[in-house]
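Everything in the sequence shown is counted per the numbering used here, starting at 725 for the first residue and increasing by one. Where is the CB? At the ideal position from N, CA and C, for every residue including glycine. Fair warning: this is a prediction, and the values are worked out from it, not measured in the lab. Worksheet for the structure shown next.
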Amino acid sequence: MAVRKAKKSKTKSKAKSKAAPKKVLKLKSKKPAAKAGAKANGLPKPSSKPFGQAGKALDGVKILDFTHVQSGPTCTQLLAWLGADCIKVERPGVGDITRTQLRDVKGADSLYFTMLNHNKRSITIDSKHPKGKDILNRLIKHCDVLVENFAPGALDRMGLTWEYIHKLNPRMIVASVKGFGPGPYEDCKVYENVAQCTGGAASTTGFLDGPPLVTGAQIGDSGTGLHLALGIVSALYQRNRTGRGQRVLCAMQDGVLNLSRVKLRDQQRLKHGPLTEYSQYGQGIPFKEATPRAGNDSGGGQPGWILKCKGYETDPNAYIYFITQAPVWASICDLIGKPEWKTDPEYATPPARLPKLKAIFGVIEEWTMTKTKFEVMDLCNAKDIPVGPILSMKEIAEEKSLRDTGTVVEVDHPTRGKYLTVGNPIKLSDSISDVKRSPLLGEHTEEILTKVLGYSSKEVAEIKMSGAITPPDKPAKAEAA
Ligand code: CAO
């Protein structure tokens, strides 16, 4: 193997050296390298401001946020944390349906809503009202990106087709989450678990002898929101060259499948024999046509399993994920009191261990059950053995290091008081995220109408009277009286 690699690199360097003279000539014809570098790609001179004090990554980007529930709001919240001005349009009197879903504090926006809509401004507009449409037209002209995750066809039914938006503002990027891409299911409404099931996650999650399982991580909603955010930032970058907007579509099925990529890998490997790292192989259970559910087997080449720790009888999270990584096998044997396994040919090599993984993990578990999950963590990490304690949400909420990095943040809210949220998991050294509470319904309606869209106070009064920004059952006239 090593000889082959060396040969390859020799061939490469030969090819390079043949092409080299041309490049040297080109460079010579330019200005000195340092000066050319400073002007590369038309970039400004590197800022002399301290890191973190040169604004935010997406400063100046204006988002018309037409999102609701989870997938779309996750995306726009990320963009807002990165500095974009996010104007969330909500239906008068109702708002994003999650404001009232799973409510824990009477009369206050739910945690479902508050934890997905930080750093945004809220404007209420009836998008089907003629005056509401006028406001939306102004917003479309003002903003760089429209993000939506309505049911298929809903945006068109509001009159906001791609053709209409593109004509009004050719620079606008229109980004959508839908359940499915074009095809037989494109008109279907989709929620998280539908996406997990249709994207290949559920059929490959759970135990072999049980039904398919959905996972607690919101890979369909938040996962697709993440994908969409990358699509939007890329479209903004391309717009710098082309000057025009484009459509960005992320289907939740596609997003889940992207995250289940290794399972499609395994589907194809099945043609060439059993999947030896799946524990059913060691148990002599034949494989069928499709990638099976693998329980807690690790997805990669290093066998792993969840093992009981001290206290598991009463604590549902007294478990640890234990990986029998080959290079540290000897350390594992010493730690669990099985030094003889280091040299026994039945245990010494990964292929010899594969058929008896269940029994091996059983022996390791006898050891882990004598320790707490944190003791196992400390003992194993001291020997470079990869393990992961099963952390409860309570433990995560109380974890100091996550507070210190801003990954878990305490936020104050005028109607619900203090609550915990997950801050921006993407850390940029020159664009520091601060987490601001979610807006109350319509909190910024007047501010946006006057300061952003330039309506006069007389016009705002007229708009209010028209019912375009107020709930239908509470006309502005009655409110004013
Ligand atoms: N003014 C007036 N009408 C408004 C409005 C506003 N500001 N905001 C929304 N509406 C209207 C829409 O126009 C739509 O009306 P029509 O159907 O009559 O045209 C209506 O509200 C409902 O919108 P919707 O169809 O998106 O909402 P729903 O509750 O019926 O469906 C969901 C919800 C999530 C299933 C659907 O939006 C969907 O499939 N979205 C795409 C996939 C997605 O993001 N799913 C993730 C959801 S999180 O688990």
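As assigned by DSSP and simplified to three states, the class of residue i
| i | result |
| --- | --- |
| residue 868 | coil |
| residue 967 | coil |
| residue 948 | helix |
| residue 746 | Model confidence at residue 746 stands at a pLDDT of 37, short of 50, so the residue's coordinates are unreliable; what they give is reported in the following sentence. Helix at residue 746. |
| residue 1139 | coil |
| residue 1155 | strand |
| residue 955 | helix |
| residue 912 | coil |
| residue 1101 | helix |
| residue 1190 | helix |
| residue 984 | coil |
| residue 777 | coil |
| residue 1091 | helix |
| residue 1125 | helix |
| residue 917 | helix |
| residue 961 | helix |
| residue 1079 | helix |
| residue 1185 | helix |
| residue 925 | coil |
| residue 1176 | helix |
| residue 991 | helix |
| residue 937 | coil |
| residue 1170 | helix |
| residue 753 | Its pLDDT being 42, under 50, residue 753 is placed unreliably in this model, and the coordinates cannot settle the point. |
| residue 1084 | helix |
| residue 1118 | helix |
| residue 875 | coil |
| residue 863 | helix |
| residue 1196 | coil |
| residue 758 | Because residue 758 sits at a pLDDT of 48, beneath the cut-off of 50, its placement in the model cannot be relied upon, and the following sentence gives the value as read from the coordinates. The answer is helix: DSSP assigns residue 758 an H, G or I state. |
| residue 932 | coil |
The beta strand (DSSP E) enclosing residue i, as first and last residue numbers
| i | result |
| --- | --- |
| residue 900 | 897–902 |
Sheet register partners of residue i (DSSP bridge)
| i | result |
| --- | --- |
| residue 1145 | 1133 |
| residue 1113 | 1044 |
| residue 975 | 902 |
Any chain C beta carbon closer than 8 angstroms to residue i
| i | result |
| --- | --- |
| residue 981 | Reference to chain C is not applicable here, since this structure consists of a single protein chain. |
The alpha helix (DSSP H) enclosing residue i, as first and last residue numbers
| i | result |
| --- | --- |
| residue 765 | Taken as a continuous stretch (DSSP letters only), residue 765 belongs to no alpha helix (DSSP H), as it is neither H nor E. |
| residue 887 | 886–892 |
| residue 879 | 878–881 |
Heavy atom of ligand 2 within 7 angstroms of residue i beta-carbon
| i | result |
| --- | --- |
| residue 1167 | For the structure depicted, ligand 2 is absent and the ligand set comprises only ligand 1. |
- Along the chain, which unbroken stretches of the beta strand (DSSP E) at least 3 residues long are found entirely within the region 1018–1075? Taking 3 residues as the minimum length, the beta strand (DSSP E) runs contained wholly in the region 1018–1075 are 1028–1032 and 1043–1047, in order along the chain.
- What residue ranges within the region 787–861 form continuous beta strand (DSSP E) runs of no fewer than 3 residues, ordered along the chain? Taking 3 residues as the minimum length, the beta strand (DSSP E) runs contained wholly in the region 787–861 are 809–814 and 844–848, in order along the chain.
- Item | Segments of 4+ residues assigned as alpha helix (DSSP H) that fall wholly inside the region 993–1017 | Correct list: 1003–1006.
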